[in-house]
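Below is one structure; the comments refer to it alone.
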Amino acid sequence: MEVFIKGYEDIYSINTEGEVFSYAKGTRYKRKLVPDKNGYLTVMFKIGGSIACKKVHRLVAEQFISNPENKSQVNHKNGIKTDNRLSNLEWVTNAENSKHMWENKLKPVHRVYKNSKTGEPHIKISSRSFSIEIKHNKIKYLLGTYPTLLEAVKV
């Protein structure tokens, strides 16, 4: 199924496979999709002198998925950011999106908790593992890596 994009009627359309088309100059042609710095596919729209860059997964969701709860984010169910098929997308809250990323190990989390004044152990959380480090005289010493935060803080 293909529909004209709201706000760009008669100029740009999108289908349920995540393909975008232009009708500029009276000819229909497929638009080039370009990944952004986070890996999401984007498309450029030009009307008059204005240029807009839109994320394709949001366009698909806005055109084809109802959002009665007014959720703010679009989730790729299979975790593949370039798979913008309608069947792979759903509206979610920020919390639901974060839970999905965490449960499916989709995005490494990099956080370091440290006390640089006392040199006490640091807790580093990365890709669902927890590491304890000590920094002394600008040298880091790894004390261990653990599968849960509870095990890491017991060190």
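For the sequence shown, position 153 (counting from the first letter as 1) is numbered 152 according to numbering that gives the first Met the number 0, and the numbering increases by one without interruption. In this text, a Cβ means the ideal position worked out from N, Cα and C, and glycines have one as well.
Beta carbon of residue i nearer than 8 angstroms to that of residue j
i: I64; j: L40; result: no
i: I13; j: Q62; result: yes
Nonlocal neighbours in the same chain, by C-beta distance under 6 angstroms from residue i, ignoring five residues either side
i: R27; result: F20
i: N74; result: E89, V91, N96 and H99
i: G78; result: N103 and L105
Strand pairing of residue i, partner residues [DSSP]
i: V91; result: Q72
i: E1; result: N14
i: S49; result: I46
i: K29; result: F20
i: P67; result: In the DSSP output, where bridge partners are listed per residue, P67 has none listed.
Neighbour-count burial assignment, residue i, 16 or more Cβ in a 10 Å radius
i: S53; result: For clarity, residue 53 is Lys in the given sequence; the question names Ser instead. The residue in question, K53, is buried, as its Cβ has 16 or more Cβ neighbours within 10 Å.
i: S49; result: exposed
i: S86; result: exposed
i: L142; result: exposed
i: V111; result: Model confidence at V111 stands at a pLDDT of 47, short of 50, so the residue's coordinates are unreliable; what they give is reported in the following sentence. V111 comes out exposed.
i: V42; result: buried
i: N69; result: exposed
Own chain, CB closer than 8 angstroms to residue i, minus 5 neighbours either side, in chain order
i: P37; result: The residue asked about is misnamed: residue 37 is Asn in this sequence, not Pro. Cβ within range, chain order: K80.
i: G25; result: none
i: Y7; result: F44 and I46
Limits of the unbroken alpha helix (DSSP H) element including residue i
i: A60; result: V55 to F63
N-terminal and C-terminal residue of the beta strand (DSSP E) that residue i is part of
i: K45; result: L40 to I46
i: S21; result: V19 to S21
7 angstroms Cβ shell around residue i - same chain, five flanking residues per side excluded
i: I4; result: Y11, S12, I13, L58 and Q62
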